[in-house]
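Before any comments, here is the structure.
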Amino acid sequence: MTVLLRVEEVTKRFGGLVAVNHVSFELQEGEILGLIGPNGAGKTTLFNCINGVYTPEEGRIVFQGQDITGWKPYDVARFGMARTHQIVRPLADLTVRENVMVGAAFGSHAWGLTEAAVRADEVLEFLGLAERADMLAGSLNVAQKKRLELARALASQPRLLLLDEVLAGLNPSEIAEMVETVKAIRDRGITIIMIEHVMHAIMNVSDRILVLDFGQLIAEGTPQQIAQNPKVIEAYLGDPKLAERLMQRGA
Amino acid sequence: MSQRKPALPPAFRLADFWPALPGRHWANWALPLLVVLGLGFFPLLTGKDVHRETMFTLLRAVVMAVSLNIILGYTGYVSFGHVVFFGLGGYVGFYLVAVQGRSLWEALLAGGLAAGLLAWLIGIGILRLRGAYFALVTIGVNEAVKAFIQNFDPFGGPLGLTMNFAVYKAYGGPRAMLQMTYYVLLVLAVLAVLLAYAVRTSKFGLGLLSIREDEDAAEVMGVVTPMAKTWAFVLSAVLPGMLGALFFFRNGSIEPHEAFPLHLSIEAIVMVMLGGQGTVLGPVLGAAGYQAMRAFLLTNRYLKDIQLTVSGALLLLIVLFIPAGLIGWLRRRFPASRRVLL
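Going line by line, the protein sequences match chains A and B.
So the first sequence is residues 63 to 313, counted in the working numbering.
So the second sequence is residues 1451 to 1792, counted in the working numbering.
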């Protein structure tokens, strides 16, 4: 296995607030890495540092053996990294197909429009949006917009895909579908980091999980290890003893 | 960053400008072209000079509106300074013909180049501003260029320049020149429509539309936004530059107040909004409709003094009630028309 992404001591501050605090980790090619943590822990900010939306104050991002710290988002995208947004950002006045074509035409392969249209239709089929291809993106419902975000990112055929809460706001059956989709994407050879709050889903789909709290990496391990880690339980529930008591009461 | 980047895909290839969006209906380019040609050949059928002069003004508006649409409608950047390209192209072209004794053709070329170059310089400087900030600065640029030319002696300073009418002899005398320059304007209008169509349906244009819809999302998807915006600005500037060179050659004189009137920029915005920003056909119809209204107002005894007031009120009404303009409204109201109307 080769290391696809290396995050070294990355720190991002907003004024006095340290949103991401000396975070380091490595990502193997072909892995699904879960990124969890309470609200405001710095997960999305970390994504923004990785894909160039923010330039970290300290540390380095190494992607495919290349130091990409300080690159613009469009250069990072063209170098093979795609992402979705937690708050969906459809190009509302363009059709669904055109939205996905933007991803295919401007991403890492920079296909021409004809090729991009073919790729877009493939991806829309794969994600079950094919019938909506000619609708305006603004007219989709939330679940469909989430899929559209994913479709746009996927259409560029990235090496690395950053998924920011693609499950949030979906109902249980939609979540089950999306989890299968994420696994299918990995099986196509795309490495994934996903931020998620839906615990059973992220535990089920991830090979490895990182936990952020107040900008710091507090735990790293397999889903089983994370589920039993007292620091993680404390971060989520505030008190490790409380978790134990809850467990006992449940039993 | 000083470090060398590995081979990223090229930000633009020439092929990206080629109209290639698959499955386009032929009417997408044929309709706007037909409207322009129909308007353009109308005075040649009637043979009346007065019709030709009316249509000259109308086609001038078409070139201004259609070219403005590239930055305003496709890219989503409101520019109040579109007339600066018209004025600068006019001055450069006029100077070459009247002072340097060059031909009209060289003047057209130089006018277009000068406008494109100015757009490129402005683009690098101010296109990282967004929204209202960009709009404000474009007004400033227009006034700055005007102030510069008012103090620039080779261009005649505040008095401007006048043409020696003997120059027109090379073009068959003043009468023939008026007819010939009309044809040249028609060619410019056709070029404007073809350019607008090519940009709208090319990969480059898809990048511009994505910037209009959500610039940050576009960047994350790999659209090299600074370059795309700068080129959009340049493409929108070249034809007004050529138009300026042609207009003032025909006019026989040029002065700062004629070359850089702010209201011409605003009227162009009204035309684009009226017809439908971001569409190819919209600005053509908008320009024609606006000029028809303007002609009516200017010849009406009671309304002629408040013509610009009516335009302002019109802009307000469009923005409030049909922000998508005529074609945009039709496309929304009748989804089946989307294939044909662009």
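Idealized CB from N, CA, C, for every residue including glycine.
Under a CB-based cut-off of 7 Å, is LEU1487 (chain B) close to chain A? If you number the second sequence from 1, residue 1487 (chain B) lands on position 37. In terms of beta-carbon proximity, LEU1487 (chain B) stays away from the interface with chain A, with every pair separated by 7 Å or more.
Chain-ordered residues of the segment 1642–1665 of chain B with a beta carbon less than 9 Å from chain A: So the close ones are THR1651, SER1652, LYS1653, LEU1656, GLY1657, LEU1659, SER1660, ARG1662, GLU1663, ASP1664.
Counting only Cβ pairs nearer than 8 Å, list the residues of chain B close to ASN291 (chain A). Taking the first sequence and counting its residues from 1, one reaches residue 291 (chain A) at position 229. Residues of chain B passing the Cβ test: none, with the nearest at roughly 33 Å.
Identify which residue in B:GLU1717, B:TYR1545, B:ALA1569, B:GLY1543 has its Cα closest to the Cα of VAL1513 (chain B). In the second sequence, counting from the first residue as 1, residue 1513 (chain B) sits at position 63. For VAL1513 (chain B), the nearest C-alpha among the options comes from B:GLU1717.
Three or more C-beta pairs below 8 Å linking the segment 94–103 of chain A and the segment 262–270 of chain A: With the cut-off at 8 Å, the segment 94–103 of chain A and the segment 262–270 of chain A touch.
Below 7 Å between beta carbons: does that hold for LEU1659 (chain B) and LEU156 (chain A)? Here residue 1659 (chain B) corresponds to residue number 209 of the second sequence, with the count starting at 1. Here residue 156 (chain A) corresponds to residue number 94 of the first sequence, with the count starting at 1. Yes; because the gap between Cβ atoms is below 7 Å, this pair is in contact.
Quick one: give me the first and last residue of the alpha helix (DSSP H) that SER235 (chain A) is part of. Counting from one through the first sequence, the residue named residue 235 (chain A) turns up at place 173. Residues 234–249.
Does the beta carbon of ALA167 (chain A) sit closer than 7 Å to a beta carbon anywhere in chain B? Here residue 167 (chain A) refers to the residue found at position 105 of the first sequence. At a cut-off of 7 Å between C-beta atoms, ALA167 (chain A) counts as an interface residue with respect to chain B.
Is the beta carbon of ALA1564 (chain B) closer than 7 Å to that of VAL1538 (chain B)? Stepping through the second sequence from its first residue, residue 1538 (chain B) is reached at position 88. Stepping through the second sequence from its first residue, residue 1564 (chain B) is reached at position 114. One detail in the question is off: residue 1538 (chain B) reads as Leu in this sequence, not Val. Yes, the pair counts as a contact, with Cβ atoms nearer than the cut-off.
Within its chain, find whatever has a CB closer than 7 Å to the CB of ALA182 (chain A); leave out the 5 residues flanking it on each side and keep chain order. Taking the first residue of the first sequence as 1, we reach residue 182 (chain A) at position 120. Here the set comprises ARG159, VAL162, MET163, ALA166, ALA217.
Starting from ILE264 (chain A), trace the beta strand (DSSP E) in both directions and tell me its first and last residue. Residue 264 (chain A) sits at position 202 when you count from the first residue of the first sequence. Where ILE264 (chain A) is concerned, there is no enclosing beta strand (DSSP E), although the alpha helix (DSSP H) around it starts and stops at 261–267.
Listed by chain order, chain B residues near TYR136 (chain A) by CB distance under 7 Å: The sequence position of residue 136 (chain A) within the first sequence is 74, counting from 1. Correct list: GLU1669, GLY1672, VAL1673, VAL1674, THR1675.
How many angstroms separate the CA atom of LYS208 (chain A) from the CA atom of MET1677 (chain B)? As a first step, residue 208 (chain A) is located in the first sequence; it is residue number 146 there, counting from the start. As a first step, residue 1677 (chain B) is located in the second sequence; it is residue number 227 there, counting from the start. One C-alpha to the other measures close to 29 Å.
Where LEU225 (chain A) sits in the DSSP three-state scheme: Taking the first residue of the first sequence as position 1, residue 225 (chain A) is located at position 163. Taken through DSSP and simplified to helix, strand or coil, LEU225 (chain A) comes out as strand.
For ASN1592 (chain B), name the three-state secondary structure that DSSP assigns. Sequence index remark: in the second sequence, residue 1592 (chain B) carries index 142 (1-based). In the structure shown, ASN1592 (chain B) sits in a helix (DSSP, three-state: H, G or I).
May I have the straight-line CA-CA distance separating GLY174 (chain A) from ILE280 (chain A), to the nearest angstrom? Taking the first residue of the first sequence as 1, we reach residue 174 (chain A) at position 112. Taking the first residue of the first sequence as 1, we reach residue 280 (chain A) at position 218. If I take the Cα positions, the gap works out to 44 Å.
Chain A beta carbons: is any one of them nearer than 7 Å to that of VAL1528 (chain B)? Taking the second sequence and counting its residues from 1, the one referred to as residue 1528 (chain B) is at position 78. By this cut-off, VAL1528 (chain B) is not an interface position.
On a Cα-Cα basis, can you pick out the residue from B:PHE1699, B:ALA1594, B:ILE1756, B:PRO1785 that is closest to LEU1635 (chain B)? Taking the second sequence and counting its residues from 1, one reaches residue 1635 (chain B) at position 185. Comparing Cα-Cα distances from LEU1635 (chain B) to each of B:PHE1699, B:ALA1594, B:ILE1756, B:PRO1785, the minimum goes to B:PHE1699.
CB-CB under 8 Å to LEU1484 (chain B), same chain, minus the five flanking residues each way: which ones, in chain order? Counting from one through the second sequence, the residue named residue 1484 (chain B) turns up at place 34. Excluding residues within five positions, none has a Cβ falling inside 8 Å.
Under 7 Å, Cβ to Cβ, is there at least one residue of chain A near ILE1777 (chain B)? Residue numbering aside, residue 1777 (chain B) sits at position 327 when the second sequence is read from its first letter. No, ILE1777 (chain B) lies away from the interface with chain A (no Cβ there is under 7 Å from its Cβ).
Return the CA-CA distance between MET1505 (chain B) and GLY1490 (chain B), expressed in angstroms with no decimal places. The residue given as residue 1505 (chain B) occupies position 55 in the second sequence. The residue given as residue 1490 (chain B) occupies position 40 in the second sequence. Using only the alpha carbons, I get a separation of about 7 Å.
Spell out the partners DSSP gives ALA281 (chain A) in its beta bridges. As a first step, residue 281 (chain A) is located in the first sequence; it is residue number 219 there, counting from the start. ALA281 (chain A) is bridged to A:VAL273.
Identity of the residue in B:ALA1786, B:ARG1781, B:GLY1739, B:PRO1608 nearest TYR1541 (chain B) by Cα: To locate residue 1541 (chain B), count along the second sequence from 1; it is residue 91. The candidate whose alpha carbon is nearest that of TYR1541 (chain B) is B:PRO1608.
Helix, strand or coil at ARG1700 (chain B) [DSSP, three-state]: On the second sequence, residue 1700 (chain B) is found 250 positions in, with the first residue counted as 1. If DSSP states are grouped into helix, strand and coil, ARG1700 (chain B) belongs with the helices.
Since LEU1458 (chain B) meets chain A, which of its residues come closer than 7 Å, beta carbon to beta carbon? The sequence position of residue 1458 (chain B) within the second sequence is 8, counting from 1. In chain order, ASP137, ARG140, PHE141 make up the part of chain A whose C-beta sits under 7 Å from the C-beta of LEU1458 (chain B).
Flag this pair as touching only if the segment 1573–1581 of chain B and the segment 1713–1730 of chain B have three or more C-beta atom pairs under 8 Å; answer yes or no. A contact between stretches requires three or more CB pairs, one per stretch, nearer than 8 Å, and the segment 1573–1581 of chain B fails this requirement with the segment 1713–1730 of chain B.
Unbroken stretches of the alpha helix (DSSP H), 4 residues or longer, contained in the segment 1617–1680 of chain B: Those alpha helix (DSSP H) runs which fall completely within the segment 1617–1680 of chain B and span 4+ residues are 1623–1651, 1653–1663, 1665–1670.
Taking only the alpha-carbon atoms, compute the straight-line gap between VAL244 (chain A) and PRO118 (chain A) and give it to the nearest angstrom. Position 182 of the first sequence, counted from the start, is the residue given in the question as residue 244 (chain A). Position 56 of the first sequence, counted from the start, is the residue given in the question as residue 118 (chain A). Whole-angstrom Cα-Cα distance: 28 Å.
Exposed or buried, ILE1756 (chain B), counting other C-beta atoms within 10 Å across all chains shown (16 or more means buried)? On the second sequence, position 306 is the one that residue 1756 (chain B) refers to. By the neighbour-count rule (16 or more Cβ atoms within 10 Å), ILE1756 (chain B) is not buried but exposed.
Three-state class that DSSP yields for LEU1791 (chain B) in the structure shown: Numbered from 1 along the second sequence, position 341 holds the residue referred to as residue 1791 (chain B). Residue state, collapsed to three classes: coil.
List the residues of chain B that GLU227 (chain A) touches, going by C-beta distances under 8 Å, in chain order. By one-based count along the first sequence, residue 227 (chain A) stands at place 165. Going along chain B, no residue has its Cβ under 8 Å from GLU227 (chain A), so there is no contact; the nearest lies around 15 Å.
My output table needs one value for GLU296 (chain A): the three-state DSSP class, helix, strand or coil. Here the question's residue 296 (chain A) lines up with position 234 in the first sequence. Secondary structure at GLU296 (chain A): helix, using DSSP grouped into helix, strand and coil.
Please list, in chain order, all residues of the same chain as HIS84 (chain A) whose beta carbon is under 6 Å from its beta carbon, the five residues on each side excluded. As a working note, residue 84 (chain A) is residue 22 in the first sequence. Only GLU71, THR73 meet the Cβ criterion.
Counting only C-beta atoms, is VAL164 (chain A) closer than 7 Å to chain B at any point? By 1-based counting over the first sequence, the position of residue 164 (chain A) is 102. Yes, VAL164 (chain A) lies at the interface with chain B (some Cβ there is under 7 Å from its Cβ).
Residue burial classification, GLU187 (chain A) (beta-carbon count within 10 angstroms, cutoff 16): On the first sequence, position 125 is the one that residue 187 (chain A) refers to. Counting of Cβ neighbours within 10 angstroms places GLU187 (chain A) among the exposed residues, the total staying below 16.
Report yes if the CB atom of ALA1557 (chain B) is closer than 7 Å to the CB atom of LEU1546 (chain B), and no otherwise. Along the second sequence, one-based indexing puts residue 1557 (chain B) at 107. Along the second sequence, one-based indexing puts residue 1546 (chain B) at 96. In this structure, ALA1557 (chain B) lies near LEU1546 (chain B), with their beta-carbon atoms less than 7 Å apart.
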